[in-house]
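Participant: One structure coming up, written as structure tokens, with questions to follow.
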Amino acid sequence: MPKSSHVTWGGRFAAGPADLMLQFSESVSTDRRLAPFDVAGSKAHATMLARAGLLTAGERNAIHAGLDAILAQIEAGRFTWDTALEDVHMNIERALTRRVPAAAKLHTARSRNDQVATDMRLFFKEACGLLRGKLRSAQRSLLAAAGAAREVLIPGYTHLQRAQPVYFAHHLFAWLEMLERDHARFGEVAGRANECPLGSGALAGTTLPIDREFTARLLGFVDRRGRARVTQNSMDAVADRDLFVEFASACALFGVHMSRIAEDLILWSSTEFGFVSLPDAFCTGSSLMPQKKNPDSCELLRGKSARLQGNLQALLALVKGLPLTYNRDLQEDKPPVFDSFDQTVLCADVLAATVGGLAVRRDRCAAAVADPALLATDLADYLVLRGVPFREAHHAVGSVVALAEKHGVPIPALPAEKVRNVHDGFGPDWTSVFDLRRSLRLRRGTGMPGPAQVARQFARWRRILK
Ligand code: ARG
Numbered sequence: 000m001p002k003s004s005h006v007t008w009g010g011r012f013a014a015g016p017a018d019l020m021l022q023f024s025e026s027v028s029t030d031r032r033l034a035p036f037d038v039a040g041s042k043a044h045a046t047m048l049a050r051a052g053l054l055t056a057g058e059r060n061a062i063h064a065g066l067d068a069i070l071a072q073i074e075a076g077r078f079t080w081d082t083a084l085e086d087v088h089m090n091i092e093r094a095l096t097r098r099v100p101a102a103a104k105l106h107t108a109r110s111r112n113d114q115v116a117t118d119m120r121l122f123f124k125e126a127c128g129l130l131r132g133k134l135r136s137a138q139r140s141l142l143a144a145a146g147a148a149r150e151v152l153i154p155g156y157t158h159l160q161r162a163q164p165v166y167f168a169h170h171l172f173a174w175l176e177m178l179e180r181d182h183a184r185f186g187e188v189a190g191r192a193n194e195c196p197l198g199s200g201a202l203a204g205t206t207l208p209i210d211r212e213f214t215a216r217l218l219g220f221v222d223r224r225g226r227a228r229v230t231q232n233s234m235d236a237v238a239d240r241d242l243f244v245e246f247a248s249a250c251a252l253f254g255v256h257m258s259r260i261a262e263d264l265i266l267w268s269s270t271e272f273g274f275v276s277l278p279d280a281f282c283t284g285s286s287l288m289p290q291k292k293n294p295d296s297c298e299l300l301r302g303k304s305a306r307l308q309g310n311l312q313a314l315l316a317l318v319k320g321l322p323l324t325y326n327r328d329l330q331e332d333k334p335p336v337f338d339s340f341d342q343t344v345l346c347a348d349v350l351a352a353t354v355g356g357l358a359v360r361r362d363r364c365a366a367a368v369a370d371p372a373l374l375a376t377d378l379a380d381y382l383v384l385r386g387v388p389f390r391e392a393h394h395a396v397g398s399v400v401a402l403a404e405k406h407g408v409p410i411p412a413l414p415a416e417k418v419r420n421v422h423d424g425f426g427p428d429w430t431s432v433f434d435l436r437r438s439l440r441l442r443r444g445t446g447m448p449g450p451a452q453v454a455r456q457f458a459r460w461r462r463i464l465k
């Protein structure tokens, strides 16, 4: 048998590809994970071809049985993948042809271009669903950590300088909001994946009488009312890689959120902050310094987020200069997508587990939040309620802070007459603002860190995450 007939497209070739070319151009080592989607797509396509009179019922049944057997073999790890057959599509087609003569008709009115586009859309729908589940688990872990430290207060920071007091739970709820947007984003990506490209052929459809809507319905590409959703331009359908970019982008942004959470945890677990201790099972020691406990899971979450951004960048660069429609460059679209998916799944699991083992150090939190300077803004608000314009109040409190620094005492320990000299708006009750619980109680508005709002957010998140 001449080498050229080895490949499905060998008809017009006098010689087969060089071994180096086979090694260079194979994608089966990465795209074999698409096998379940490829088989589902081929079964639907065969069903449609039979309905259109292009296959007999017997041929369709033989193809279905053959594909089921091949998938069972693949799932049992008993399938022999051949890199000389390039990709997952040709490996499965070749195996099917060996079993079922009718397999030679399966590729009727189909190209690998619309086939791979369909496989990937099925992959994206499943991957987004799985990641949404992972996000939910991570969120539940955060909610549990917030619930275990309900009454704990910590300083909130801007510019990494102590700013104003907040509930520890309020800080964790900020993380929950970030992850909630990721949850919604993966839902939107899955929604956009929900269009069937099959029937677009190589780029210009087919002269054969196929029924695209029928295939789309079989594969679950339907709207809420069960109506088929199919791509509307055959050239765009095989050239479009927007979903790849959007999926990688959603992973990258989720990664950035995990990285920011990780960074807070790294700071909080340092001796300097000491707000939390991280679970031993997700930290490592130093081979040199016996006292060290390093926050490696958090550092790796930070590091992996760079990799997720790299994958997004690779995909954007891959498509930017390509003429319509399919170009072989596009085969490089899958490694970054699969890597983003795999790493994001891992990161989400690690985040959930790390947070699951978090211990809050109440004494250290209490000591940090006892800093009266955190309530300097409350003191300005005190003046505002006595009719002082905010800018003037801010300036007066600034002078009071400087005075306390000069005398080396906490602000409320300053003598009343010294403070009155700064601004006569300060009354005898001026120190009443230096009460953390009061300060928080007054923060009643939606989204604020007061106890009533925090209780409301606990109820809201329990509802969302139940
Ligand atoms: N392995 C190819 C890819 O992933 C499948 C499509 C091949 N199409 C082609 N015309 N060579 O892009």
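First residue of the sequence shown? That's 0 in numbering that gives the first Met the number 0, and the numbers climb one at a time after it. We put the CB at the ideal spot given by N, CA and C, even for glycine.
(1) Is the closest heavy atom of the ligand ARG to the C-beta of D30 under 7 Å?
(2) Enumerate in chain order the residues of its own chain whose CB-to-CB distance from D113 is below 7 Å, with the five nearest sequence positions on each side excluded.
(3) If we count the other Cβ atoms within 10 Å of its Cβ and call it buried at 16 or more, is H170 buried or exposed?
(4) Tell me which residues share the same chain as L382 and place their Cβ nearer than 6 Å to its Cβ, disregarding the 5 neighbours each side in the sequence.
(5) Work out the CA separation of R455 and I463 for me, nearest whole Å.
(6) Please say whether M47 and F213 have beta carbons closer to each other than 8 Å?
(7) According to DSSP, is I62 helix, strand or coil?
(8) The ligand ARG and R327: does any heavy atom of the ligand fall closer than 7 Å to the residue's C-beta?
(9) State the DSSP-derived secondary structure class of G15, mapped to helix, strand or coil.
(10) DSSP state of I260, grouped into three classes?
(11) Let's test the definition: count the other Cβ atoms within 10 Å of the Cβ of A451 and tell me whether it reaches 16, buried, or not, exposed.
(12) Please state whether DSSP places A227 in a helix, a strand or coil.
(13) State the Cα-Cα distance for the pair H422 and P411, rounded to the nearest angstrom.
(14) Distance check for A173 and A94, CA to CA, integer angstroms please.
(15) Using CA coordinates, which residue listed in D295, L264, P334, C297 is at the minimum distance from V244?
(16) For V418 and V399, I'd like the C-alpha separation in whole angstroms.
(17) So what does DSSP say about P278, is it helix, strand or coil?
(18) Taking 7 Å as the cut-off, is the beta-carbon of Q330 closer than that to any non-hydrogen atom of the ligand ARG?
(19) Alpha helix (DSSP H) containing T96: first to last residue?
(20) Helix, strand or coil for Y166? Go by DSSP, reduced to three states.
(21) Excluding sequence positions up to five away, which residues of its chain have a Cβ less than 6 Å from the Cβ of I265?
(22) Where does P1 fall in DSSP's three states?
(23) Nearest to G190 by alpha carbon, out of L159, F246, L307, H158?
(24) Quick one: what does DSSP say T353 is sitting in, helix, strand or coil?
(25) So for Q160, helix, strand or coil by DSSP?
(26) What separation, rounded to the nearest whole angstrom, lies between the Cα atoms of H256 and R442?
(27) Where does G397 fall in DSSP's three states?
(28) Tell me, please, which residues DSSP counts as bridged to A358.
(29) Less than 8 Å between C-beta atoms, sequence neighbours within five positions excluded: which residues of the same chain meet that for L357?
(30) Does the Cβ of G449 have 16 or more other Cβ atoms within 10 Å, making it buried, or fewer, making it exposed?
(31) What I want to know is whether the C-beta of D241 ends up closer than 7 Å to one or more non-hydrogen atoms of the ligand ARG.
(32) To the nearest angstrom, report how far apart G226 and L19 are at their CA atoms.
(33) Look at the alpha carbon of A203 and the alpha carbon of T283, and state the distance between them as a whole number of angstroms.
(34) Evaluate R459 with the Cβ neighbour count: other Cβ atoms within 10 Å of its Cβ, from every protein chain shown; 16 or more gives buried, anything less gives exposed.
(35) Looking only at C-alpha atoms, which of A147, T7, K133, A34 sits nearest to S110?
(36) Could you pull the start and end residues of the alpha helix (DSSP H) that E150 belongs to?
Facilitator: Let's see:
(1) To locate residue 30, count along the sequence shown from 1; it is residue 31. Under cutoff, so the answer is yes.
(2) Reading the sequence shown from its first residue, position 114 is the one you call residue 113. So the list reads P196, L197, G198, S199, G200, A236, V237, once near-sequence residues are dropped.
(3) By one-based count along the sequence shown, residue 170 stands at place 171. Buried.
(4) Along the sequence shown, read from residue 1 onward, the residue named residue 382 stands at position 383. Around L382: A392, G424.
(5) Position 464 of the sequence shown, counted from the first residue, corresponds to residue 463. Position 456 of the sequence shown, counted from the first residue, corresponds to residue 455. If you take the alpha carbons of I463 and R455, they lie about 12 Å apart.
(6) Looking up residue 213 in the sequence shown gives position 214. Looking up residue 47 in the sequence shown gives position 48. Yes.
(7) Numbered from 1 along the sequence shown, position 63 holds the residue referred to as residue 62. Reduced to three states, the DSSP call for I62 is helix.
(8) As a first step, residue 327 must be located in the sequence shown, where it is residue number 328. Yes, Cβ of R327 sits closer than 7 Å to a heavy atom of the ligand ARG.
(9) As a first step, residue 15 must be located in the sequence shown, where it is residue number 16. Three-state result, G15: coil.
(10) Numbered from 1 along the sequence shown, position 261 holds the residue referred to as residue 260. Residue state, collapsed to three classes: helix.
(11) Against the sequence shown, residue 451 aligns to sequence position 452. That one is exposed.
(12) Indexing the sequence shown from 1 puts residue 227 at position 228. A227: strand per DSSP, three-state reduction.
(13) Indexing the sequence shown from 1 puts residue 422 at position 423. Indexing the sequence shown from 1 puts residue 411 at position 412. Spanning the two alpha carbons is a distance of roughly 15 Å.
(14) Within the sequence shown, the letter at position 95 stands for residue 94. Within the sequence shown, the letter at position 174 stands for residue 173. So the alpha carbons of these two residues sit roughly 52 Å apart.
(15) Here residue 244 refers to the residue found at position 245 of the sequence shown. Checking every option, the nearest Cα to that of V244 belongs to P334.
(16) Within the sequence shown, numbered from 1, the residue matching residue 418 stands at position 419. Within the sequence shown, numbered from 1, the residue matching residue 399 stands at position 400. Straight-line Cα distance between these residues: approximately 6 Å.
(17) For the purposes of this step, residue 278 is taken as the residue at position 279 of the sequence shown. Three-state DSSP puts P278 in coil, outside helix and strand.
(18) By one-based count along the sequence shown, residue 330 stands at place 331. Yes, since a heavy atom of the ligand ARG falls inside the 7 Å radius drawn around the Cβ of Q330.
(19) Position 97 of the sequence shown, counted from the first residue, corresponds to residue 96. 87–98 is the span of the alpha helix (DSSP H), which, as asked, contains T96.
(20) Locating residue 166 in the sequence shown gives position 167, counting from the first residue. Strand, per DSSP.
(21) Position 266 of the sequence shown, counting from 1, holds the residue named residue 265. Counting only Cβ-Cβ distances below 6 Å, and skipping sequence neighbours, we find P294, C297.
(22) The residue you call residue 1 lines up with position 2 of the sequence shown. Reliability fails at P1, whose pLDDT of 42 lies under 50, so the model's placement of it is uncertain and the value that follows must be treated cautiously. Of the three classes helix, strand and coil, the one that applies to P1 here is coil, per DSSP.
(23) Position 191 of the sequence shown, counting from 1, holds the residue named residue 190. Checked all of L159, F246, L307, H158; the closest Cα to G190 is F246.
(24) For the purposes of this step, residue 353 is identified with residue 354 of the sequence shown, where counting begins at 1. Helix at T353.
(25) Working through the sequence shown from its first residue, we reach residue 160 at position 161. Strand, per DSSP.
(26) Here residue 256 refers to the residue found at position 257 of the sequence shown. Here residue 442 refers to the residue found at position 443 of the sequence shown. Going from the Cα of H256 to the Cα of R442 covers about 26 Å.
(27) Translated into positions along the sequence shown, residue 397 becomes position 398. Helix.
(28) Here residue 358 is taken as the residue at index 359 of the sequence shown, counted from 1. A358 is bridged to S276.
(29) Taking the sequence shown and counting its residues from 1, the one referred to as residue 357 is at position 358. These residues qualify, in order along the chain: A144, L264, V275, S276, L277, P278.
(30) Your numbering for residue 449 matches position 450 in the sequence shown. With 16 or more other Cβ atoms within 10 Å, it is buried.
(31) Taking the first residue of the sequence shown as position 1, residue 241 is located at position 242. For the ligand ARG, not one heavy atom lies less than 7 Å from the Cβ of D241.
(32) Working through the sequence shown from its first residue, we reach residue 226 at position 227. Working through the sequence shown from its first residue, we reach residue 19 at position 20. The sequence given here has Arg at residue 226, not Gly. For R226 and L19, the distance between alpha carbons rounds to 47 Å.
(33) As a first step, residue 203 is located in the sequence shown; it is residue number 204 there, counting from the start. As a first step, residue 283 is located in the sequence shown; it is residue number 284 there, counting from the start. Roughly 57 Å between the two C-alpha positions.
(34) Position 460 of the sequence shown, counted from the first residue, corresponds to residue 459. When all chains shown are included, R459 counts as exposed.
(35) Here residue 110 corresponds to residue number 111 of the sequence shown, with the count starting at 1. Minimum Cα distance to S110 is reached at T7.
(36) Counting from one through the sequence shown, the residue named residue 150 turns up at place 151. Element bounds for E150: n/a, residue is neither H nor E.
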